[in-house]
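Input: a single structure, listed below in structure tokens.
Residue numbers (the UniProt record's numbering): 1 to 396.
Written as structure tokens, this is what we have:
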């Protein structure tokens, strides 16, 4: 974060200087244009039958050219000064960011065809989620992926609706909320009201001639929100009083701002993902964000990670990654070890989860059941007893 702040400081200097130079140069150029226009007018007014310029006219042209050259030189100096400031940004990046990451990267990770295929599938899935179907289809075709391996993600529909709201189109969003109206109400969501409020304000933008249409829309779609959103409903009705003078100059002009649309779009994305039980971010985005968080700490440990004595570190993550409610990997509460493919998390019959190695160590005895030997164990967190074979592997 400190490195970003240092580079950001240099970028701010460039932006400030560029803005100042842009304003100064624009004014300077305009002054020269005005001066040339004045000379042109003066020469035309003093023109005579002779094609030769008078000494006064020659001096006027010479002085104008000299002044223009001087100002051009000043612009060139300002440009060189700006170029020097821009170059400092590159130096700040080189000074504060590490360009070589091979010490903390597993070089063999994408030599495996299965891993490459998995990466391609995640990238394709990300494109589908973003509504970039053409790009995703091209990747599926060029990477020889099977379309059925790319799960159809409901987020693609949500993303399209999200984009529609940003483009002031509420048709798809209102249709979606009508479909899930009961579920949204059960979750005490404000989404449906916010969408109808935006639709109501869109009608009011038509002025006094749209008053009857707005009232009819409120009766049909907003009346059910009167009790729950009483104050907001009163504000909407108050807008009707300012239709003659214009809502832009009323106390309620904030309802026409871009922020209202942005807030509604964000509310839609949050509530819809919560309702359907899907993540706002794709798996690829989550992985990239986690990597960006982990990379600085891993670089600090690069000497340790390159040591032969700790080669096993490549099979587990040596640091904690703060990704809010996500768990980067399961850690066994018994053995205090991170799970791996060889030592996966296992769910006991009682619901508690431990690692496979811990399960094997807790299997205390063998009992005969239906002519088969089965290992029995007692849960370390509750009085439940069970057989080890009842444990089920968990996949995160």
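Even glycine gets a Cβ: it sits at the ideal position worked out from N, Cα and C.
Predicted, not measured: the structure shown is a model, and the values here were computed from it.
Alpha-carbon spacing of residue i relative to residue j, whole angstroms
i: residue 38; j: residue 55; result: 18 angstroms
i: residue 205; j: residue 247; result: 8 angstroms
i: residue 367; j: residue 344; result: Model confidence at residue 367 stands at a pLDDT of 46, short of 50, so the residue's coordinates are unreliable; what they give is reported in the following sentence. Answer to the nearest angstrom: the Cα atoms are 25 angstroms apart.
i: residue 211; j: residue 199; result: 13 angstroms
i: residue 243; j: residue 232; result: 18 angstroms
i: residue 89; j: residue 75; result: 22 angstroms
i: residue 2; j: residue 300; result: 14 angstroms
i: residue 381; j: residue 352; result: 8 angstroms
i: residue 188; j: residue 234; result: 20 angstroms
i: residue 283; j: residue 336; result: 27 angstroms
i: residue 320; j: residue 333; result: 16 angstroms
i: residue 365; j: residue 357; result: Note that residue 365 scores a pLDDT of 46, beneath 50, so its modelled location is shaky; the value from the coordinates is reported in the next line. Approximately 16 angstroms, taken between the alpha carbons.
i: residue 58; j: residue 9; result: 50 angstroms
i: residue 119; j: residue 230; result: 50 angstroms
i: residue 112; j: residue 138; result: 22 angstroms
i: residue 29; j: residue 259; result: 38 angstroms
i: residue 224; j: residue 7; result: 52 angstroms
i: residue 77; j: residue 33; result: 20 angstroms
i: residue 94; j: residue 385; result: 60 angstroms
i: residue 245; j: residue 166; result: 28 angstroms
i: residue 369; j: residue 389; result: Its pLDDT being 44, under 50, residue 369 is placed unreliably by the model, and nothing is read from it.
i: residue 395; j: residue 209; result: 60 angstroms
i: residue 91; j: residue 19; result: 22 angstroms
i: residue 207; j: residue 239; result: 11 angstroms
i: residue 371; j: residue 363; result: Residue placement at residue 371 cannot be trusted, given a pLDDT of 48 that sits under 50; the coordinates are not used to answer.
i: residue 134; j: residue 114; result: 24 angstroms
i: residue 156; j: residue 73; result: 55 angstroms
i: residue 85; j: residue 26; result: 20 angstroms
i: residue 45; j: residue 31; result: 21 angstroms
i: residue 339; j: residue 12; result: 45 angstroms
Residue i - partner residues in DSSP beta bridges
i: residue 32; result: In the DSSP output, where bridge partners are listed per residue, residue 32 has none listed.
i: residue 345; result: 355
i: residue 378; result: 385
i: residue 331; result: 338
i: residue 392; result: 347
Closer than 7 angstroms: residue i CB and nearest the ligand FMN heavy atom
i: residue 66; result: Judged by which ligands are present, the structure shown has none, so any question about the ligand FMN falls away.
Reference residue i; option with closest CA among the options
i: residue 143; options: 361, 123 and 250; result: 123
i: residue 35; options: 62, 177 and 22; result: 62
i: residue 322; options: 335, 294 and 87; result: 294
i: residue 168; options: 30, 257 and 334; result: 257
i: residue 146; options: 129, 125 and 132; result: 125
i: residue 278; options: 129, 104 and 6; result: 129
i: residue 359; options: 340, 350 and 379; result: 379
i: residue 43; options: 60, 213 and 28; result: 60
i: residue 226; options: 249, 121 and 190; result: 190
i: residue 158; options: 274, 80 and 228; result: 274
i: residue 361; options: 349, 347, 350 and 376; result: 376
i: residue 342; options: 281, 207, 393 and 131; result: 393
i: residue 397; options: 276, 141 and 133; result: Not covered by the structure: residue 397. The range shown for the chain is 1 to 396.
i: residue 347; options: 340, 391 and 385; result: 391
i: residue 131; options: 338, 117, 108 and 163; result: 163
i: residue 399; options: 355, 218 and 172; result: For residue 399 there is no data in the structure shown, the boundaries of the chain being 1 and 396.
i: residue 255; options: 214, 201, 385 and 181; result: 201
i: residue 154; options: 220, 134, 239 and 281; result: 281
i: residue 383; options: 350, 395, 207 and 363; result: 350
i: residue 140; options: 161, 116 and 24; result: 116
i: residue 219; options: 207, 237, 286 and 209; result: 237
i: residue 106; options: 389, 298 and 363; result: 298
i: residue 24; options: 79, 222 and 4; result: 79
i: residue 181; options: 272, 104 and 87; result: 272
i: residue 241; options: 215, 222, 221 and 228; result: 215
i: residue 150; options: 136, 285 and 228; result: 136
Ignoring anything shorter than 4 residues or poking outside the segment 128-206, list the alpha helix (DSSP H) runs there in chain order. 133-142, 155-166, 171-179, 181-186 and 191-204
The segment 62-73 / the segment 82-100 touching (three or more Cβ pairs under 8 angstroms): Verdict: no, contact absent.
Taking three-plus beta-carbon pairs below 8 angstroms as touching, is the segment 194-211 in contact with the segment 258-268? Taking a cut-off of 8 angstroms for Cβ pairs, the segment 194-211 and the segment 258-268 touch, as three or more such pairs fall below it.
For the segment 265-281 and the segment 159-178, state whether three or more C-beta atom pairs, one from each stretch, are separated by less than 8 angstroms. yes
Beta strand (DSSP E) runs wholly inside the segment 199-251, at least 3 long, in chain order: none
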